[in-house]
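Only one structure is covered here, and it is reproduced in the block below.
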């Protein structure tokens, strides 16, 4: 009897990604449509940073989780776009000289190199604001207001002191120091894992069907997935 060949994680990702990647690229482009006028340069910088490609892991998690629970793709578009806009904002700010001082991102000059530092700060600020605007926008496909409020809470918590910002603060304070295994896990849980967890939970909440026990189980899964992603990455 021939044993089945194991499926590589990259094959699974590519198979799933193909289904949703074109969709999220279109949604992001629509969110960042050029308007002209005095803010055009800012929007160009936002588009430069957001539409440069990438793995789109976080929006894919929103789509996969939500679709598995019965949510329509139209309902998942807003949270998928919102979480990716937050992710890009974090990259733009992380690349700044005051943080990681990186010159390249995805093979291209980082935002503050392609434009300037002040513009990069504004890009991050504007992307964060746009993420919340997209998430609460009322449309026929949008989740009910109660679910949208819950999604706002999930996303806000994932990027504040109990999420990305807190993890980055730990990272900056640890420069030149040795961290224990527990401290390192805590840093990664906040800095990277919190937004991965949020991506899963945005999909869960969008579907409006999870029982309390399933909600907790999926939340635990999201946290473990976030840590596993950081280890693999």
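Numbering (the working numbering), first residue to last: 5 to 237. Using N, Cα and C, we set each Cβ at its ideal position, and we do this for glycine too.
Report the rounded CA-to-CA distance for residue 117 versus residue 196, giving the unit in angstroms. In the chain shown, the residue the question calls residue 117 occupies position 113. In the chain shown, the residue the question calls residue 196 occupies position 192. So the two alpha carbons sit approximately 24 angstroms from each other.
What three-state label does DSSP hand residue 108 in the structure shown? Here residue 108 refers to the residue found at position 104 when the chain shown is read from its first residue. Residue 108 falls in the strand class under three-state DSSP.
Strictly by DSSP, which residues pair up with residue 113? Reading the chain shown from its first residue, position 109 is the one you call residue 113. Note: residue 113 sits in a beta bridge opposite 108.
Rounded to a whole number of angstroms, what is the C-alpha to C-alpha distance between residue 47 and residue 26? As a working note, residue 47 is residue 43 in the chain shown. As a working note, residue 26 is residue 22 in the chain shown. Using only the alpha carbons, I get a separation of about 21 angstroms.
Can you list, in chain order, the residues of its chain whose CB lies under 6 angstroms from that of residue 181, leaving out five sequence neighbours each side? For this step, residue 181 is matched to residue 177 along the chain shown. Cβ neighbours of residue 181 beyond the five flanking positions: none.
Whole-number beta carbon distance between residue 231 and residue 187, since they are thought to touch under 8 angstroms: Here residue 187 refers to the residue found at position 183 when the chain shown is read from its first residue. Here residue 231 refers to the residue found at position 227 when the chain shown is read from its first residue. Not quite, the Cβ-Cβ distance comes to about 14 angstroms (not below 8 angstroms), so this is no contact.
When the Cα of residue 81 is compared with those of 37, 135, 39, which residue comes out closest? Looking up residue 81 in the chain shown gives position 77. Closest by alpha carbon: 135.
Is DSSP giving residue 175 helix, strand or coil here? Stepping through the chain shown from its first residue, residue 175 is reached at position 171. Helix, per DSSP.
With 16 other CB atoms within 10 Å as the buried threshold, where does residue 99 fall? Counting from 1 along the chain shown, the entry for residue 99 is found at position 95. Residue 99 comes out buried.
If we count the other Cβ atoms within 10 Å of its Cβ and call it buried at 16 or more, is residue 235 buried or exposed? In the chain shown, the residue the question calls residue 235 occupies position 231. Residue 235 comes out exposed.
Going by beta carbon distance, what residues of the same chain come within less than 7 angstroms of residue 108, once the five residues before and after it are set aside? Within the chain shown, residue 108 is the residue found at index 104, counting from 1. These residues qualify, in order along the chain: 114.
Could you check what DSSP says for residue 81 in three-state terms: helix, strand or coil? Here residue 81 refers to the residue found at position 77 when the chain shown is read from its first residue. Residue 81: helix per DSSP, three-state reduction.
Does the contact criterion of 3 or more C-beta pairs under 8 angstroms hold for the stretch 50-60 versus the stretch 212-226? no
Apart from the five residues on each side of it in sequence, which residues of its chain come closer than 6 angstroms, Cβ to Cβ, to residue 28? For this step, residue 28 is matched to residue 24 along the chain shown. Counting only Cβ-Cβ distances below 6 angstroms, and skipping sequence neighbours, we find 60, 63, 84.
Please name the residue in 224, 228, 209, 233 whose C-alpha comes closest to that of residue 74. For the purposes of this step, residue 74 is taken as the residue at position 70 of the chain shown. In terms of CA proximity to residue 74, 209 leads the group 224, 228, 209, 233.
By the three-class DSSP mapping on this structure, what secondary structure does residue 185 have? For the purposes of this step, residue 185 is taken as residue 181 along the chain shown, with counting starting at 1. It is helical.
Can we say the stretch 84-97 touches the stretch 120-137, given the rule of at least three CB pairs closer than 8 angstroms? yes
In its own chain, which residues sit with a C-beta less than 6 angstroms from the C-beta of residue 10, not counting the 5 before and 5 after it? Here the question's residue 10 lines up with position 6 in the chain shown. Only weak support is given to the placement of residue 10: the predicted model assigns it a pLDDT of 48, under 50, and the question is left unresolved by the model.
Quick check on residue 30: buried or exposed, where buried means 16 or more other Cβ atoms within 10 Å of its Cβ? As a working mapping, residue 30 is identified with position 26 in the chain shown. Per the 10 Å Cβ criterion, exposed.
Close-in-space but distant-in-sequence residues of the same chain around residue 44 (CB under 8 angstroms, 5 per side omitted): Residue numbering aside, residue 44 sits at position 40 when the chain shown is read from its first letter. These residues qualify, in order along the chain: 38.
Rounded to the nearest angstrom, what separates residue 34 and residue 54 at their Cα positions? Locating residue 34 in the chain shown gives position 30, counting from the first residue. Locating residue 54 in the chain shown gives position 50, counting from the first residue. Approximately 12 angstroms, taken between the alpha carbons.
Nearest-angstrom Cα separation, counted from residue 102 out to residue 228: As a working mapping, residue 228 is identified with position 224 in the chain shown. As a working mapping, residue 102 is identified with position 98 in the chain shown. Using only the alpha carbons, I get a separation of about 30 angstroms.
Once DSSP output is grouped into helix, strand and coil, what is the label at residue 98? The residue labelled residue 98 in the question sits at position 94 within the chain shown. Residue state, collapsed to three classes: helix.
Do residue 49 and residue 160 come within 9 angstroms of each other at the CB atom, strictly closer than that value? Taking the chain shown and counting its residues from 1, one reaches residue 160 at position 156. Taking the chain shown and counting its residues from 1, one reaches residue 49 at position 45. Result no, Cβ atoms of residue 160 and residue 49 do not sit closer than 9 angstroms.
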